[in-house]
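Residue numbers (UniProt numbering): 1 to 157. Virtual Cβ for every residue (Gly too), placed ideally from N, Cα, C. Remember, it's a predicted structure, so these values are computed and weren't measured experimentally.
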């Protein structure tokens with residue numbers, strides 16, 4: 001059996017590892033057998049379901065409005081206007097790299113930057129070969145860096 005421990009990337013190097021994940025950017029380390037030292041991996045943990053994190057609130061030919069809710073802190077979106085409905089983004093501002101979405105943990109952890117691209121339909125996880133992963137998944141600690149994720153869509157959204 002493998003046990004994982006967690007530590008915020010904002011924590012001092014000598015801080016204790018925790019049994020529970022911390023929202024935001026964190027280190028994850030597997031506890032090896034016989035005090036084996038295993039290199040930690042840097043990951044981003046939302047601390048909630050992705051469906052609760054983002055939704056499209058409105059869209060027209062020029063703009064798309066995203067409603068974000070992150071229960072662990074503040075969300076900022078590059079080049080977007082914050083309204084009561086969400087973040088209004090001009091479609092022309094996305095470019096090839098999308099827009100930066102910054103998550104600022106309320107507990108003082110390091111801010112996390114995600115890239116938002118359109119057209120938008122949801123969250124996708126890809127394995128090392130670029131294949132989309134579906135369903136529940138257990139990723140070995142030494143393979144975490146082989147996976148990528150993105151928010152993607154199609155021409156209908």
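| query | result |
| --- | --- |
| From 14, 108 and 145, residue whose alpha carbon lies closest to that of residue 73 | 108 |
| Residue environment, residue 2, which counts as buried when at least 16 other CB atoms sit within 10 Å | exposed |
| Run of the alpha helix (DSSP H) containing residue 50, from where it starts to where it stops | 50-53 |
| Residue range of the beta strand (DSSP E) that includes residue 86 | 86-90 |
| Member of 7, 75, 86 and 106 whose CA lies at the smallest distance from the CA of residue 100 | 75 |
| Sheet register partners of residue 64 (DSSP bridge) | 59 and 89 |
| Per DSSP, the bridge partner or partners of residue 30 | 4 |
| Backbone CA spacing between residue 112 and residue 34 [nearest angstrom] | 34 Å |
| Pairwise C-alpha distance: residue 23 and residue 46 | 5 Å |
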